[in-house]
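Quick note, the sequences are listed as chains W and E, same order.
If you read the first sequence in the numbering used here, its first letter stands for residue 2, the second for the next number, and so on.
If you read the second sequence in the numbering used here, its first letter stands for residue 2, the second for the next number, and so on.
Every residue gets a Cβ at the ideal spot worked out from N, C-alpha and C, and that includes glycine.
Keep in mind it's a predicted model, so treat the numbers as computed, not measured.
Inspection log for the structure reproduced underneath, given as structure tokens.
Protein chains: 2
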Amino acid sequence: MGKETKRTDVNELGEFGLIDHLTSSHQPMHPSTLKGIGDDAAVLDYGGKPIVVSTDMLLEGIHFDMMYTPLKHLGYKSVVVNLSDICAMNAIPRQITVSIAISNRFSVEALEELYEGIYTACRNYNVDLIGGDTNSSKKGLVISVTALGTADKQKITYRSGARPGDILCVTGDLGASYLGLQILEREKQIWQSNPGVQPDLEKQTYLIGRQLKPEARTDMIVAFENAGFTPTSMIDISDGLASEVKHLCKESKVGALVEEGLVPIKDEAQLMALKFKLDPITCALSGGEDYELLFTAAEKDLPIVRTLPGISIIGEIKPREEGVQLKTVNEKFHPITAQGWQHGKGE
Amino acid sequence: MGKETKRTDVNELGEFGLIDHLTSSHQPMHPSTLKGIGDDAAVLDYGGKPIVVSTDMLLEGIHFDMMYTPLKHLGYKSVVVNLSDICAMNAIPRQITVSIAISNRFSVEALEELYEGIYTACRNYNVDLIGGDTNSSKKGLVISVTALGTADKQKITYRSGARPGDILCVTGDLGASYLGLQILEREKQIWQSNPGVQPDLEKQTYLIGRQLKPEARTDMIVAFENAGFTPTSMIDISDGLASEVKHLCKESKVGALVEEGLVPIKDEAQLMALKFKLDPITCALSGGEDYELLFTAAEKDLPIVRTLPGISIIGEIKPREEGVQLKTVNEKFHPITAQGWQHGKGE
Chain W
2 MGKETKRTDV NELGEFGLID HLTSSHQPMH PSTLKGIGDD AAVLDYGGKP
52 IVVSTDMLLE GIHFDMMYTP LKHLGYKSVV VNLSDICAMN AIPRQITVSI
102 AISNRFSVEA LEELYEGIYT ACRNYNVDLI GGDTNSSKKG LVISVTALGT
152 ADKQKITYRS GARPGDILCV TGDLGASYLG LQILEREKQI WQSNPGVQPD
202 LEKQTYLIGR QLKPEARTDM IVAFENAGFT PTSMIDISDG LASEVKHLCK
252 ESKVGALVEE GLVPIKDEAQ LMALKFKLDP ITCALSGGED YELLFTAAEK
302 DLPIVRTLPG ISIIGEIKPR EEGVQLKTVN EKFHPITAQG WQHGKGE
Chain E
2 MGKETKRTDV NELGEFGLID HLTSSHQPMH PSTLKGIGDD AAVLDYGGKP
52 IVVSTDMLLE GIHFDMMYTP LKHLGYKSVV VNLSDICAMN AIPRQITVSI
102 AISNRFSVEA LEELYEGIYT ACRNYNVDLI GGDTNSSKKG LVISVTALGT
152 ADKQKITYRS GARPGDILCV TGDLGASYLG LQILEREKQI WQSNPGVQPD
202 LEKQTYLIGR QLKPEARTDM IVAFENAGFT PTSMIDISDG LASEVKHLCK
252 ESKVGALVEE GLVPIKDEAQ LMALKFKLDP ITCALSGGED YELLFTAAEK
302 DLPIVRTLPG ISIIGEIKPR EEGVQLKTVN EKFHPITAQG WQHGKGE
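Now the structure itself:
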């Protein structure tokens, strides 16, 4: 069998390439499947309000390091990253399922901590835990969460709706989560070479908090609703601004111009980036795990967007042939390249 | 912190005890959550037809052994076990999400095999793959599937609806999957001690097929519908008849009498059980992974049930105080004890 003798390494394709490769031939058959694979979440129509469904798996040693991740934070974050995908569809999350696999090095008390984080997220975001299962694993901790939510049909926002002339916006600030991770990783290295040393987290509670306990922007979805605003396209920032802008442009068949000087980066993040000899804009573009929302707005909605709290206009949607570019503070233009799995983050 | 010094081993509680322990304090808040944790699937109401949701995680070395599980079969089975949970609610599955984690020992070609099995299940059961993600794992293969389906609200069948006097029925036959597993395990042992020996699967394609490529009984849900029949309660047989009868009785607050002589066990399974010096009824009661449906019917529906193809009436629902009992072919009565995680099957 020729097929069995060929061996292509999965890293050759990268995560997104791999998913495309494995799923591109599958076409949904049911009229109830409004949107299948290819956005932040799937959209189903069972006759009432549309149902938005998203799922994510987190693995120890790939997505989180037990050395500096408290179990309660981990439980919270594993829910939040899924709720963020529901938000990215301009929908409100309502239910989650959580399946976990644990090795016997985890005690019942450790699991209680994990579930305390899960339930805290349920309370904070007003979602119900409706199912899941608990398995033993040979090694490590695995958490798989599926989130379900809903929105009015005409308000569901896809990655594909951006048009040239739309303004490109982002909620909150970027890069902080990645810098929080750098601090935690540095302290881990120091501790591993000298376990007597106390960790120096430099009181960087904001940066570390963004990494260990991110939030989903359901508040912005409510703000959009209250303002009578519907984005033309949206995606959540899990892999970094660069990757998400590229996704959005690819699905919308457009280009974009991002202005470096307009990308929101907090002072703490700016300073910490310099300390790590990193370029702050690189942290924002490629860092990931901010779980902010990147969205586009029709030009006519600019007055409304300006009234929304904590929104930054970072650029503009361009025709496809102009590509996806960054205009630096020195007025130079660089093509933006996506960073995905190859980036070594496993996601 | 007293809490952190205490360490309770997860095996002390068992799988079902652990899930109860971790989830019993969580009460659904949304009116859209008709049924949360505690049945084969959750039931949601988003205004149209109810949505039935179930999720399961399968882990290498726990739920399957790559030594004798072809990847295509594994993909198929990982979908089927979830569709079976949807069937257990008297619902028809429509969509699935599939998340996988793989170590780099798997090639793209291996993943293609896995997805070929997943897509074959999608085609056979007319379900859409609508989402999921692909992750790297440090070790082993993890597959997490969420299935969604629907049914008319008045037809959704819970574990809790059995009443004394109801007849207890099962679809298909039991014990074969467990015996298929015994054959595969035996050949693995022989091969490990002498890799030159060819496996002797004794042409047991039925038994081995039941283990490696089980089917979900969507056909029975259609047959129920066509006959105008709705069970009073239902559960799918993943952990063995004993465990499922106990679950059903617990949730329905009833007892049951199962007659050994009425439990459907195929001749191939009877013979293979004897070969392995196992009691055939034990294989049916505790073996598991048959993915048949255990259901109860109101006495008035007995004439309809008799017309349904491949159904066995195996006993009767009794008042709670009579307990859950097995009447042997020798007219002796034994209490049925559930077997869950302690059974060493990890599920």
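*asked:* So for D280 (chain W), helix, strand or coil by DSSP?
replied: In the structure shown, D280 (chain W) sits in coil (DSSP, three-state: anything other than H, G, I, E or B).
*Using a C-beta cutoff of 8 Å, does V109 (chain E) count as contacting chain W?*
yes
_For T219 (chain W), tell me which candidate among W:T151, W:G141, W:L242 has the shortest Cα-Cα distance._
Checking every option, the nearest Cα to that of T219 (chain W) belongs to W:T151.
_Please state whether the Cβ-Cβ distance between D40 (chain E) and Y207 (chain E) is less than 8 Å._
no
*Buried or exposed by the 16-neighbour rule on C-beta atoms within 10 Å, applied to K4 (chain W)*: Caution applies to K4 (chain W), whose pLDDT of 45 falls short of 50 and renders its modelled position unreliable; the model cannot decide the point.
*Between the CA atoms of M30 (chain W) and A43 (chain W) - distance to the nearest angstrom*: When rounded, the distance between both Cα atoms is 14 Å.
*Quick one, are the C-beta atoms of L359 (chain E) and L175 (chain E) less than 8 Å apart?*
Residue 359 (chain E) lies beyond the range of chain E shown here (2 to 348); nothing can be said about it.
*Anyone know if the C-beta pair for V255 (chain E) and R187 (chain E) falls short of 8 Å?*
no
*Taking Cβ positions, are Q96 (chain E) and V128 (chain E) nearer each other than 8 Å?*
yes
*Alpha carbon to alpha carbon, how far is E348 (chain E) from H248 (chain W)?*
With a pLDDT of 32 at E348 (chain E), under the threshold of 50, the modelled position of that residue is not reliable, and the figure given next carries that caveat. In a straight line, the C-alpha of E348 (chain E) is about 39 Å away from that of H248 (chain W).
_Same chain, Cβ closer than 6 Å to L295 (chain W), neighbours up to 5 away in sequence not counted_ = V171, I236, I238, E245
*Among E:K204, E:S137, E:E317, E:C250, which one has its Cα closest to the Cα of G162 (chain E)?*
E:C250
*Neighbour flag for M67 (chain W) against chain E, beta carbons, 8 Å*: It does not; no Cβ of chain E falls within 8 Å.
*Within 8 Å (strictly less), CB to CB, does G166 (chain E) reach chain W?*
No, its Cβ sits nowhere closer than 8 Å to a Cβ of chain W.
*Through-space distance from D46 (chain W) to P32 (chain W), alpha-carbon basis*: 8 Å
*Quick one: which unbroken beta strand (DSSP E) runs of 3-plus residues sit fully inside the segment 219 to 243 of chain W? Chain order, please.*
Whole beta strand (DSSP E) segments, 3+ residues: 234 to 237.
*With 16 as the cutoff for other CB atoms within 10 Å, does Q343 (chain E) come out buried or exposed?*
Model confidence at Q343 (chain E) stands at a pLDDT of 32, short of 50, so the residue's coordinates are unreliable; what they give is reported in the following sentence. Counting other Cβ atoms within 10 Å of its Cβ, Q343 (chain E) stays below 16 and is therefore classed as exposed.
*If you drop the 5 nearest sequence neighbours on each side, which residues of the same chain put their C-beta closer than 6 Å to that of T135 (chain W)?*
If we look at T135 (chain W) and ignore the five residues flanking it on each side, its Cβ neighbours are I101.
*Note down, in chain order, each residue of its chain lying with its Cβ closer than 7 Å to the Cβ of A111 (chain E), except the 5 sequence neighbours on either side.*
Only L72 meet the Cβ criterion.
*Given I222 (chain W) as reference, the closest of W:S287, W:D153, W:K204 once Cα atoms are compared*: W:D153
*asked:* For a cutoff of 8 Å on Cβ pairs, would you count Q96 (chain W) as touching chain E?
replied: yes
*Can you find a C-beta in chain W that's less than 8 Å from the C-beta of M235 (chain E)?*
no
_Residue range of the beta strand (DSSP E) that includes V330 (chain W)_ = Element bounds for V330 (chain W): n/a, residue is neither H nor E.
*asked:* At the level of alpha carbons, what is the spacing between I305 (chain E) and T297 (chain E)?
replied: 13 Å
_Listed by chain order, chain W residues near S138 (chain E) by CB distance under 7 Å_ = L60, I63
*DSSP three-state call for N12 (chain W): helix, strand or coil?*
helix
_Is there a Cβ of chain E sitting closer than 8 Å to that of L249 (chain W), yes or no?_
So, not an interface residue.
*Please determine, among W:M68, W:C284, W:E261, W:Q205, the residue with the shortest C-alpha to C-alpha distance to D240 (chain W).*
W:C284
*By Cβ distance, which residues of its chain are closer than 6 Å to L213 (chain E), with the 5 residues on each side in sequence left out?*
H74
*Applying the criterion that 16 or more other CB atoms from any shown protein chain within 10 Å of the CB defines a buried residue, is R211 (chain W) buried or exposed?*
buried
*Find the residues of chain W that neighbour L112 (chain E), judging by a C-beta separation of less than 9 Å, and give them in chain order.*
V11, L19, H22, L23
*Might you give, ordered along the chain, the residues of its own chain that have their beta carbon closer than 8 Å to the beta carbon of I52 (chain W), omitting 5 neighbours on each side?*
V44, L45, D46, L149, G150, T151, listed in sequence order.
*Under 8 Å between C-beta atoms, does V54 (chain W) make it to chain E?*
yes
_Between which two residues does the alpha helix (DSSP H) holding A122 (chain E) run?_
109 to 126 is the extent of the alpha helix (DSSP H) around A122 (chain E).
*asked:* Counting only C-beta atoms, is N125 (chain W) closer than 8 Å to chain C at any point?
replied: You won't find chain C in this structure, because its protein chains are W and E.
*Count the other CB atoms, across all protein chains shown, that sit within 10 Å of the CB of H335 (chain E); report buried if there are 16 or more and exposed otherwise.*
exposed
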